[in-house]
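Here our numbering is used: the first residue of the sequence shown is 1, the next is one more, and so on. Note that the Cβ used here is the ideal one computed from N, Cα and C, for glycine as well. Here's the structure we're looking at; comments come further down.
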Amino acid sequence: MNRLFIILIIIATMMFVVFSNLLAGETDGRWDMASRNMVEGLKNGNDGLKQSILQNIIRFGDSLDVNEAIFEIMRIYRNHENEGMRQLALIALHKTNNQWAMNFLERAIKFEKSPRLRKSMCAILHDCNRPVNIDEMLLADNLQE
């Protein structure tokens, strides 16, 4: 009885290893397909779809390749009327690890009117080892007012 139990455990373990390896091989293709679908959705979708895609980029950014949609995400950040959607796009830009986007944000921070988005940009740039002098920016804000 013990011998049969041990053999069943060994067989079950081997089956688990084989199936997990098969599934692991399929995930690369699934991430590629998900990335392509997200790029297409950002280009042609409605605001609800775009919001969902941005949330998924934030959540799964390390596994996705959405560099083809960087300009679409940047367009949402720059032009959307909803500040929450703009912030979502800003965080999604950060999760893409795109150097062009970080260079753009580094220059654009001076012109951002929303204090909330400016703080997010400072945090993002700091996280990317591109710290911004906040005191200098606050002084510029006070001079504008």
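Within the continuous alpha helix (DSSP H) that includes D47, where are the two ends?
Here the alpha helix (DSSP H) through D47 covers D47 to F60.
With H, G and I counted as helix, E and B as strand and the rest as coil, what does DSSP make of E68?
Looking at E68 - three-state DSSP - the assignment turns out to be helix.
Would S63 and E83 qualify as a contact pair, given that the criterion is a beta-carbon distance under 7 Å?
Not closer than 7 Å, so no.
To which residues of the same chain is I57 closer than 8 Å at the C-beta, ignoring the five residues directly before and after it?
Within the same chain, I57 has close Cβ partners M38, L64, V66, I73, A92, K95 and T96.
Is the beta carbon of L54 closer than 7 Å to that of G41?
Taking 7 Å as the Cβ cut-off, G41 and L54 do not qualify as a contacting pair.
Compare the C-alpha of F104 against each of E81, H80, K119 and F71 and name the closest.
The shortest Cα separation from F104 among E81, H80, K119 and F71 belongs to F71.
Taking the alpha-carbon positions, what's the N98 to E68 distance?
Looking at the two C-alpha atoms, the distance is approximately 11 Å.
Out of I76, R59 and R107, which has the shortest C-alpha to C-alpha gap to N44?
Considering only alpha carbons, the answer is I76.
Give the range of the alpha helix (DSSP H) segment to which K113 is assigned.
Neither: K113 is in no alpha helix (DSSP H) and is coded neither H nor E.
Which one of V132, N46, F60 and D47 has the shortest CA to CA distance from A34?
The candidate whose alpha carbon is nearest that of A34 is F60.
I think E106 touches L125, with their Cβ atoms under 8 Å apart; what is that distance to the nearest whole Å?
Yes, they are in contact, since the Cβ atoms of E106 and L125 sit about 6 Å apart, within 8 Å.
If contacts are defined as beta-carbon pairs under 8 Å, then R130 and M102 qualify, I think. What distance do you get, rounded to the angstrom?
That belief holds up - the Cβ atoms of R130 and M102 are roughly 6 Å apart, short of 8 Å.
From the beta carbon of F60, is the nearest beta carbon of chain D less than 7 Å away?
The question asks about chain D, but that chain is absent: this structure has only one protein chain.
Could you give the distance in angstroms between the alpha-carbon of S120 and the alpha-carbon of H80?
Each residue's Cα considered, the two are about 16 Å apart.
Please state whether DSSP places H126 in a helix, a strand or coil.
The answer is helix: DSSP assigns H126 an H, G or I state.
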